[in-house]
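Since the structure comes first, as structure tokens, the remarks are kept for the end.
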Amino acid sequence: MLPNRLTPGDEIRVLAPSTSMAVIKGKQIENAVQCLESLGFNISFGKYVDEHDEFFSTSIKHRLKDLHDAFQDPNVKGILTAIGGYNVNQLLKNIDYNLIKNNPKILCGHGDITALQLAIYKKTGLITYSGPHFSTFGMNKTSAYTLQSFLEAVTNDAPFEIIPSNMWSDDKWYIEEKERQYHPNEYMIIQEGTAEGKLIGGNLSTINLLQGTEFLPSIEEDSIFFIEDDEESHPLSFERNLQALLHLPQFDKVRGIMIGRFQKGSNMTESALKRIIGSKYELRGIPIVANVNFGHTDPITTIPIGTKATLEVFTETVEIYIDQNEY
């Protein structure tokens, strides 16, 4: 199911299904609200988004209540997660998936939120969006690239292309804009080729939390996987997590892979990533491109999980097209 597009005046509800919004500074909350309101949206918050325990998360009961309330409220047209974290998978067995199926809405976030997005997609068929958190809009100057990509994905029915940003930054999102360090950006071509298929993916470590459960979507048709990980994933752990992904049943139906840009703290190098990919016989013959603008660096694109995409990777050009009318 493709959720209704957002339009000016629509209400977006902010939820904290993973880490509490209490970890976000007041100024960043103010910035995010102002940014989203400037795009024409009205912002509301779940009742329990600021509640937190010793793990800086809201209780399971209250996170579920906020989630169900957001999908049930007819005034809410879209949902943004406040921030990522580690424990959204605590919710999966107790979610009312029929409620969500009967009230489909845009849900956008990334990182740990991958578990929630893939579970909802598996249980309901609802297309969800790997993209900015509410906190992402809280930068003192949110990237025009991030804003444009978000609007292309959630307000428009037309096919769109993922293009690389001109620059990228790994600095914390709350640092003053003038103090952020930006670097030239370009795709890393690992293997050439073309592919078409359904987009499945998100945070690699989180995807693997769902292996062997009822919440991981099966690969029943040609697919394009998009994967990323944060600075806690170094080359050895990334290789191990990638291998776990390759063990998925029907992985031979994966036709292409996009890899999000690594944070500097991961110590992943271009040569290390190419050696890791080159060692996987399961990946031979399919197009693979890295340094795509999704994951834990800035700016970030918005990717609809469950729609069709075309990936073309060649020495001279990389083209990534997404058609939300095909799913």
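Numbering that gives the first Met the number 0 puts the first residue of the sequence shown at 0, with every later residue one more than the last. All C-beta atoms, glycine included, are put in the ideal place defined by N, C-alpha and C. Please read all numbers here as calculations on a predicted model, not as lab measurements.
1) Looking only at its own chain, which residues have a Cβ that is under 6 Å from the Cβ of residue 169, when we skip the five neighbours before and after it?
2) For a quick check, are the C-beta atoms of residue 77 and residue 112 less than 8 Å apart?
3) Assuming residue 136 contacts residue 31 under a Cβ cut-off of 8 Å, what Cβ separation, rounded to an integer in Å, is found between them?
4) Within the chosen definition, does the stretch 265-285 reach the stretch 203-218 through at least 3 CB pairs nearer than 8 Å?
5) Please work out which residues of its chain come closer than 7 Å, Cβ to Cβ, to residue 299, disregarding the five sequence neighbours upstream and downstream, and give them in chain order.
6) For residue 328 and residue 231, what's the separation of their Cα atoms in angstroms?
7) What does a CB cutoff of less than 6 Å around residue 313 pick up in its chain, not counting 5 residues either side in sequence?
8) In this structure, does DSSP put residue 320 in helix, strand or coil?
9) By Cβ distance, which residues of its chain are closer than 7 Å to residue 7, with the 5 residues on each side in sequence left out?
10) Determine the direct distance from the alpha carbon of residue 54 to that of residue 138, and round the result to whole angstroms.
11) Between residue 199 and residue 222, is the Cβ-Cβ spacing less than 8 Å?
12) Taking the C-alpha atoms as reference points, what is the distance between residue 114 and residue 196?
13) In angstroms with no decimal places, state the Cα-to-Cα distance between residue 124 and residue 304.
14) Since residue 160 is in the beta strand (DSSP E), which residue starts that stretch and which ends it?
15) For residue 190, which beta-bridge partners are listed by DSSP?
16) List the DSSP bridge partners of residue 106.
17) Looking at the structure shown, is residue 48 part of a helix, part of a strand, or coil, going by DSSP?
18) Decide if residue 0 is buried, meaning its Cβ has at least 16 other Cβ atoms within 10 Å, or exposed.
19) Residues bridged to residue 199 by DSSP?
20) Give every residue of the same chain whose Cβ lies closer than 8 Å to the Cβ of residue 61, excluding the five residues on either side of it in the sequence, and list them in chain order.
21) Using the three-state DSSP reduction, which class does residue 236 fall into: helix, strand or coil?
22) Let me know the secondary structure DSSP gives residue 182 once reduced to three states.
23) Helix, strand or coil: how does DSSP classify residue 12 here?
24) Return the first residue and the last residue of the beta strand (DSSP E) that residue 308 is part of.
25) Identify whether residue 266 lies in helix, strand or coil by the three-state DSSP scheme.
26) Rounded to a whole number of angstroms, what is the C-alpha to C-alpha distance between residue 95 and residue 67?
27) Do you know how far the Cα of residue 18 is from the Cα of residue 85?
This is what the structure holds:
1) 262, 263 and 296
2) no
3) 4 Å
4) no
5) 130, 131, 135, 145, 292 and 293
6) Outside the modelled stretch of the chain, which goes from 0 to 326, sits residue 328, for which no answer is possible.
7) 191
8) strand
9) 39
10) 25 Å
11) yes
12) 21 Å
13) 10 Å
14) 159-161
15) 287
16) 78
17) coil
18) exposed
19) 224
20) 46, 47 and 50
21) helix
22) strand
23) strand
24) 307-312
25) coil
26) 7 Å
27) 7 Å
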